[in-house]
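Taken in sequence, the protein lines are chains A and B. With the numbering used here applied, the first sequence covers -7 to 105. With the numbering used here applied, the second sequence covers 8 to 118. Ideal placement from N, C-alpha and C gives every residue a C-beta, glycine not left out. Since the structure is predicted, the reported quantities are computational estimates derived from the model, not experimental observations.
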Amino acid sequence: AQSVAQPEDQVNVAEGNPLTVKCTYSVSGNPYLFWYVQYPNRGLQFLLKYITGDNLVKGSYGFEAEFNKSQTSFHLKKPSALVSDSALYFCAVRDGGSYIPTFGRGTSLIVHP
Amino acid sequence: SQTIHQWPATLVQPVGSPLSLECTVEGTSNPNLYWYRQAAGRGLQLLFYSVGIGQISSEVPQNLSASRPQDRQFILSSKKLLLSDSGFYLCAWEQDRGPDTFGSGTRLTVV
Chain A
-7 AQSVAQPEDQ VNVAEGNPLT VKCTYSVSGN PYLFWYVQYP NRGLQFLLKY ITGDNLVKGS
53 YGFEAEFNKS QTSFHLKKPS ALVSDSALYF CAVRDGGSYI PTFGRGTSLI VHP
Chain B
8 SQTIHQWPAT LVQPVGSPLS LECTVEGTSN PNLYWYRQAA GRGLQLLFYS VGIGQISSEV
68 PQNLSASRPQ DRQFILSSKK LLLSDSGFYL CAWEQDRGPD TFGSGTRLTV V
């Protein structure tokens, strides 16, 4: 079985400050991990993924995430937040032997000017 | 280039009417395709996935069905819509152990 948790419904950060959106996961095999962003009434946009290799993954729009196997976490980070980063962020996990990803419930990121 | 198309963007249908949503991908062959439903702007529920023509796996028993008549075409259907079928429907395509690319979505309102 696989599961993913996004413990925060909402994250508030001031523009220019660093941001972190948390994600923890559980899988029985090797995890494939993903982050997506969704703007209102739009489809999800892929940000980055971890399949194997370097634990620090860099993605679109200046976002990055670190795979931490011991803490089973894959937190999304950005050094300096922009107001335009305000959106809904989804973490997803997939067991390497499965076709089926599991999505978190999403975290609403609000960046204040 | 590789793209995914999904239509229509919005749809208002009466209860008991049929439904057909279409998703097509371009620029690739034999993609793995997914249909998701998103309720209330939050969590995604996987409805169906397909690894090839005529190969459909259903994740949730419901009023919906899916078909894949061609390699790059994935269709979501219903014979009789229920109020509970309202939601935001998303098609997605796996490029590399994804899903990596999502369509723009269809907002379905059943009235």
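List, in chain order, every chain B residue whose beta-carbon is nearer than 8 angstroms to that of residue i.
{"i": "Y24 (chain A)", "result": "R104"}
{"i": "Y31 (chain A)", "result": "Within chain B, no residue comes near Y31 (chain A); the closest Cβ sits about 11 angstroms away, beyond 8 angstroms."}
{"i": "P(-1) (chain A)", "result": "In chain order: nothing, as chain B lies at least about 14 angstroms away."}
Under a three-way DSSP split, which group does residue i fall into?
{"i": "L88 (chain B)", "result": "coil"}
{"i": "D106 (chain A)", "result": "Outside the shown range of chain A, which is -7 to 105, sits residue 106 (chain A), and nothing can be said about it."}
{"i": "Y53 (chain A)", "result": "helix"}
{"i": "S62 (chain A)", "result": "coil"}
{"i": "V85 (chain A)", "result": "strand"}
{"i": "T44 (chain A)", "result": "coil"}
{"i": "K14 (chain A)", "result": "coil"}
{"i": "S72 (chain B)", "result": "strand"}
{"i": "Y31 (chain A)", "result": "coil"}
{"i": "V19 (chain B)", "result": "strand"}
{"i": "K93 (chain A)", "result": "According to the sequence as given, residue 93 (chain A) is Pro; it is not Lys. Coil at P93 (chain A), not helix or strand."}
Let me check one thing: in DSSP terms, what residues is residue i bridge-paired to?
{"i": "V118 (chain B)", "result": "Per DSSP, none; premise fails for V118 (chain B)."}
{"i": "L101 (chain A)", "result": "A:V3 and A:A79"}
{"i": "P23 (chain A)", "result": "A:D87"}
Residues of chain B with a CB under 9 angstroms from the CB of residue i: which are they?
{"i": "F66 (chain A)", "result": "Residues of chain B passing the Cβ test: none, with the nearest at roughly 15 angstroms."}
For residue i, decide whether its Cβ has a neighbour in chain B, counting only Cβ atoms nearer than 9 angstroms.
{"i": "D102 (chain A)", "result": "Residue identity check: residue 102 (chain A) is Ile in the sequence provided, not Asp. So, not an interface residue."}
{"i": "K41 (chain A)", "result": "yes"}
{"i": "G98 (chain A)", "result": "yes"}
{"i": "Y81 (chain A)", "result": "no"}
{"i": "F55 (chain A)", "result": "no"}
{"i": "F95 (chain A)", "result": "yes"}
In chain A, what lies closer than 8 angstroms to residue i by C-beta?
{"i": "F109 (chain B)", "result": "Y28, G35, L36, Q37 and F38"}
{"i": "G34 (chain B)", "result": "Neighbours of G34 (chain B) on chain A: none; closest Cβ ~16 angstroms, over 8 angstroms."}
{"i": "G112 (chain B)", "result": "N33, R34 and G35"}
Just checking: is the beta-carbon of residue i within a distance shorter than 9 angstroms of some beta-carbon in chain A?
{"i": "S58 (chain B)", "result": "Ser is not the amino acid found at residue 58 (chain B); the sequence shown has Val there. Closer than 9 angstroms to some Cβ of chain A, the Cβ of V58 (chain B) qualifies, so yes."}
{"i": "S64 (chain B)", "result": "yes"}
{"i": "F95 (chain B)", "result": "yes"}
{"i": "A46 (chain B)", "result": "no"}
{"i": "N37 (chain B)", "result": "no"}
{"i": "A73 (chain B)", "result": "no"}
{"i": "E101 (chain B)", "result": "yes"}
{"i": "G61 (chain B)", "result": "no"}
{"i": "Q77 (chain B)", "result": "no"}
Please list the terminal residues of the continuous beta strand (DSSP E) segment that includes residue i.
{"i": "G61 (chain B)", "result": "Here G61 (chain B) belongs to no beta strand (DSSP E), and DSSP marks it neither H nor E."}
{"i": "C30 (chain B)", "result": "L26 to E33"}
{"i": "V3 (chain A)", "result": "Q2 to A6"}
{"i": "C98 (chain B)", "result": "G94 to E101"}
{"i": "Q13 (chain B)", "result": "T10 to W14"}
{"i": "V(-4) (chain A)", "result": "S(-5) to A(-3)"}
{"i": "N39 (chain B)", "result": "N39 to Q45"}
Counting only Cβ pairs nearer than 9 angstroms, list the residues of chain A close to residue i.
{"i": "L28 (chain B)", "result": "Chain A residues near L28 (chain B): none, gap ~13 angstroms exceeds 9 angstroms."}
What in chain B is Cβ-close to residue i, meaning under 7 angstroms?
{"i": "Y17 (chain A)", "result": "What Y17 (chain A) touches in chain B: nothing, since even the nearest Cβ is about 15 angstroms away."}
In chain A, which residues lie less than 7 angstroms from residue i when you measure between Cβ atoms?
{"i": "L53 (chain B)", "result": "I92"}
{"i": "G50 (chain B)", "result": "F95, R97 and G98"}
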